[in-house]
Amino acid sequence: MENIAIEHMHKDIEFLKREVSIITYILSQEGTLTEEAKKRLAKAREVPNAEYLEI
115 MENIAIEHMH
125 KDIEFLKREV
135 SIITYILSQE
145 GTLTEEAKKR
155 LAKAREVPNA
165 EYLEI
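Each residue of the sequence shown is one higher than the one before, counting from 115 in our numbering.
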């Protein structure tokens with residue numbers, strides 16, 4: 115059971131690493147966020163942190 119949780123966390127971390135990489139690339143190329151990126155960021159900020167964290 116513990117192994118399954120670790121595998122799930124690993125997949126989540128890998129997904130987040132890819133997302134951060136994309137954002138970093140966009141910022142380094144353009145210097146500003148696109149409207150689509152701003153919409154996604156605003157939507158993500160509406161989600162409570164508790165939904166991301168399992169304690």
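C-beta: ideal position from N, C-alpha, C; glycine also.
Asked                                                                                        : Found
Distance cut-off 8 Å: Arg159 Cβ against heavy atoms of the ligand COA                        : As far as ligands go, the structure on display features none, and thus does not contain the ligand COA.
As assigned by DSSP and simplified to three states, the class of Val134                      : helix
Best match in Phe129, Asp126, Lys125 and Ala151 for proximity to Ile137 [C-alpha to C-alpha] : Ala151
Nearest-angstrom Cα separation, counted from Tyr166 out to Phe129                            : 13 Å
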